[in-house]
Amino acid sequence: MRARHSPANPKCRRAQDRRQESLPDWQRCADAQRDVSPVTRVSQGAPARAPVDQPLIATVIGDPAGVGPEVCVKALTLDGAPCSSRHVLIGSVDAVRLAAAASGLEPRIRQVGSPREIGASLSEIAIFDPGSLPKTAWTIGKPGAASGRAVVEWVRLAERWASEGLIDGWIMAPVDSHSLKLSGQIESIDDLQPAGTYLLRVSPSLRVVPITEHISITEVPSSVTISAVSALVALVDETFKRWGVRGARIGVAGLNPHAMGREDRDAIAPAVERERAVGRQVEGPISPDSIFRLAMEGRYDVVVSMYHDQGQIALKTAAFEGACTIYIGLDHVRLTVPHGSAMEIAGKGIAQHASMASAMKMAESLCAGRGFGGED
Numbered sequence: 040m041r042a043r044h045s046p047a048n049p050k051c052r053r054a055q056d057r058r059q060e061s062l063p064d065w066q067r068c069a070d071a072q073r074d075v076s077p078v079t080r081v082s083q084g085a086p087a088r089a090p091v092d093q094p095l096i097a098t099v100i101g102d103p104a105g106v107g108p109e110v111c112v113k114a115l116t117l118d119g120a121p122c123s124s125r126h127v128l129i130g131s132v133d134a135v136r137l138a139a140a141a142s143g144l145e146p147r148i149r150q151v152g153s154p155r156e157i158g159a160s161l162s163e164i165a166i167f168d169p170g171s172l173p174k175t176a177w178t179i180g181k182p183g184a185a186s187g188r189a190v191v192e193w194v195r196l197a198e199r200w201a202s203e204g205l206i207d208g209w210i211m212a213p214v215d216s217h218s219l220k221l222s223g224q225i226e227s228i229d230d231l232q233p234a235g236t237y238l239l240r241v242s243p244s245l246r247v248v249p250i251t252e253h254i255s256i257t258e259v260p261s262s263v264t265i266s267a268v269s270a271l272v273a274l275v276d277e278t279f280k281r282w283g284v285r286g287a288r289i290g291v292a293g294l295n296p297h298a299m300g301r302e303d304r305d306a307i308a309p310a311v312e313r314e315r316a317v318g319r320q321v322e323g324p325i326s327p328d329s330i331f332r333l334a335m336e337g338r339y340d341v342v343v344s345m346y347h348d349q350g351q352i353a354l355k356t357a358a359f360e361g362a363c364t365i366y367i368g369l370d371h372v373r374l375t376v377p378h379g380s381a382m383e384i385a386g387k388g389i390a391q392h393a394s395m396a397s398a399m400k401m402a403e404s405l406c407a408g409r410g411f412g413g414e415d
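Structural data, given as structure tokens:
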């Protein structure tokens, strides 16, 4: 299940490695988000990324005051960068330039007026900047209303481009919940998730999609119904087929210890039998304390979990670095990364970009119908 790595994408050079300093923790995923490994120096003069008929993938840079712009720049310029599709950033060109400078990178950055202007050159980063966020309206490392409003605008723009067929898919870099709330336009990050969609978390060794997300644990049992489990299993199977993965082996986690509770017997088991009856390769309910290990050993291609933390604890313990999140239930590819804006380290050039690079490569593979880029 490990994604294939594209050849090195020489585009810009590293000025120096400043990763020996001691750093303070930040509020979310601190140690995992720091870039503590040396970055390979890369050279200029790469060949074209891909023909112009290759998929076009947009990436919203996330909160300009956070690490979003930095991980986008690094993912597109350092060794192992995505190279089988065309890429364009959406957001503040000022934020991208500042992030590149802070990281000791010197890419060529070209502003474009529409997705139709995106070429196939490896020698530049293309960016569409709507021009609605002045450089003076935000400060690196600090949440703000202007940043939040800009993120909402950029996300809506990416969704519009996707719905109009101007791009094949898009990625959302880390956003900041405080900035979004200050914007006055939405209440939380959850409001950026389209209705009727689910979040498939993917790491190099495990794939998990929960039936429920950010709800109280006391609300979970009533949410585990035959129709809910059956619908998600069917959606996962059909979505995987569209991405090029046929006959996905789906494992469904139980809700209770050893999958021996009422919900396991009365909801999960009948739902699994319903989907098996129409030809899907699904098993469950499987004891929650063993299903994730079984999936990592290759028995299942994906696990359907019953609630957010049931799957997240397993996935983040197994492999947080390089993980990404895919929205399912849309007619286009959309991904994000599993970490926050890391305001405390923004502007220092020390954020790790493995999850963003993974998301970009995953988007390339899914948009091209190549599955998850491994041996699916």
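The C-terminal position of the sequence shown is numbered 415 in my numbering, with every residue numbered one higher than the one before it. Just so you know, even glycine gets a beta-carbon here, dropped at the ideal spot from N, CA and C.
Which partner residues of Ile210 appear in the DSSP bridge assignment?
For the purposes of this step, residue 210 is taken as residue 171 along the sequence shown, with counting starting at 1. Paired residue(s): Thr98, Leu374.
Buried or exposed for Lys387, please, with buried defined as at least 16 other CB atoms from any protein chain shown within 10 angstroms of its CB.
In the sequence shown, residue 387 corresponds to position 348, counting from 1. With 16 or more Cβ atoms within 10 Å of its Cβ, Lys387 is classed as buried.
Using alpha carbons as the reference points, say which of Gly152, Thr251, Leu219 lies closest to Glu192.
Working through the sequence shown from its first residue, we reach residue 192 at position 153. Residue Leu219 is the option with its Cα nearest to Glu192.
DSSP state of Cys363 mapped onto helix, strand, coil
Position 324 of the sequence shown holds residue 363. Reduced to three states, the DSSP call for Cys363 is strand.
Taking 9 angstroms as the cut-off, decide whether the C-beta atoms of Gln232 and Arg188 are in contact.
Here residue 232 is taken as the residue at index 193 of the sequence shown, counted from 1. Here residue 188 is taken as the residue at index 149 of the sequence shown, counted from 1. No. Outside cutoff.
Which of the three DSSP states, helix, strand or coil, is assigned to Cys68?
Numbered from its first residue, the sequence shown carries residue 68 at position 29. Any reading at Cys68 is ruled out, since the residue's pLDDT is 36, under 50, leaving its predicted position unreliable.
Do you know how far the Cα of Val214 is from the Cα of Lys113?
For the purposes of this step, residue 113 is taken as residue 74 along the sequence shown, with counting starting at 1. For the purposes of this step, residue 214 is taken as residue 175 along the sequence shown, with counting starting at 1. Each residue's Cα considered, the two are about 17 angstroms apart.
Glu336 - DSSP class collapsed to helix/strand/coil
Numbered from 1 along the sequence shown, position 297 holds the residue referred to as residue 336. In the structure shown, Glu336 sits in coil (DSSP, three-state: anything other than H, G, I, E or B).
Kindly indicate the opening and closing residues of the alpha helix (DSSP H) around Glu403.
Taking the first residue of the sequence shown as position 1, residue 403 is located at position 364. Its alpha helix (DSSP H) spans residues 393-406.
Fully enclosed by the segment 92-140, which beta strand (DSSP E) runs are 3 residues long or longer?
95-99, 125-129
Apply the 10 Å Cβ neighbour rule to Met395 and answer buried if 16 or more other Cβ atoms are within range, or exposed otherwise.
Here residue 395 corresponds to residue number 356 of the sequence shown, with the count starting at 1. Its Cβ being crowded by 16 or more others within 10 Å, Met395 is buried.
Those residues which DSSP pairs with Pro243 across a bridge
As a position in the sequence shown, residue 243 is number 204, starting the count at 1. According to DSSP, which records beta bridges pairwise, Pro243 is partnered with nothing at all.
In angstroms, rounded to a whole number, what distance separates the CA positions of Glu383 and Ala104?
In the sequence shown, the residue the question calls residue 383 occupies position 344. In the sequence shown, the residue the question calls residue 104 occupies position 65. Distance between the alpha carbons of Glu383 and Ala104: 10 angstroms.
Beta-ladder partner(s) of Ile166, from DSSP
Residue numbering aside, residue 166 sits at position 127 when the sequence shown is read from its first letter. Ile166 is bridged to Leu128, Gln150.
Cβ-Cβ distance between Trp282 and Leu374 below 9 angstroms:
Walking along the sequence shown from the start, residue 282 turns up at place 243. Walking along the sequence shown from the start, residue 374 turns up at place 335. Not in contact: Trp282 and Leu374 (Cβ atoms no closer than 9 angstroms).
Relative to the C-alpha of Tyr237, which candidate in Ser123, Met401, Ser344 has its C-alpha closest?
On the sequence shown, position 198 is the one that residue 237 refers to. It is Ser344.
Tell me whether Ala381 sits in a helix, a strand or coil according to DSSP, three-state version.
In the sequence shown, the residue the question calls residue 381 occupies position 342. Coil, per DSSP.
CB-CB under 6 angstroms to Val247, same chain, minus the five flanking residues each way: which ones, in chain order?
For the purposes of this step, residue 247 is taken as residue 208 along the sequence shown, with counting starting at 1. Answer for Val247: Arg240, Val342, Ser344, Gly350, Leu354, listed in chain order.
Start-to-end residues for the alpha helix (DSSP H) that takes in Leu259:
By one-based count along the sequence shown, residue 259 stands at place 220. Per the sequence shown, the amino acid found at residue 259 is Val instead of Leu. 259-262 is the span of the alpha helix (DSSP H), which, as asked, contains Val259.
Contacts around Ala89, its chain only, beta-carbon distance under 8 angstroms, and the 5 residues preceding and following it disregarded:
Here residue 89 is taken as the residue at index 50 of the sequence shown, counted from 1. Because Ala89 carries a pLDDT of 43, less than 50, the predicted location of this residue cannot be relied on, and the following value inherits that uncertainty. If we look at Ala89 and ignore the five residues flanking it on each side, its Cβ neighbours are Cys122, Ser123, Ser124, Arg125, Ala159.
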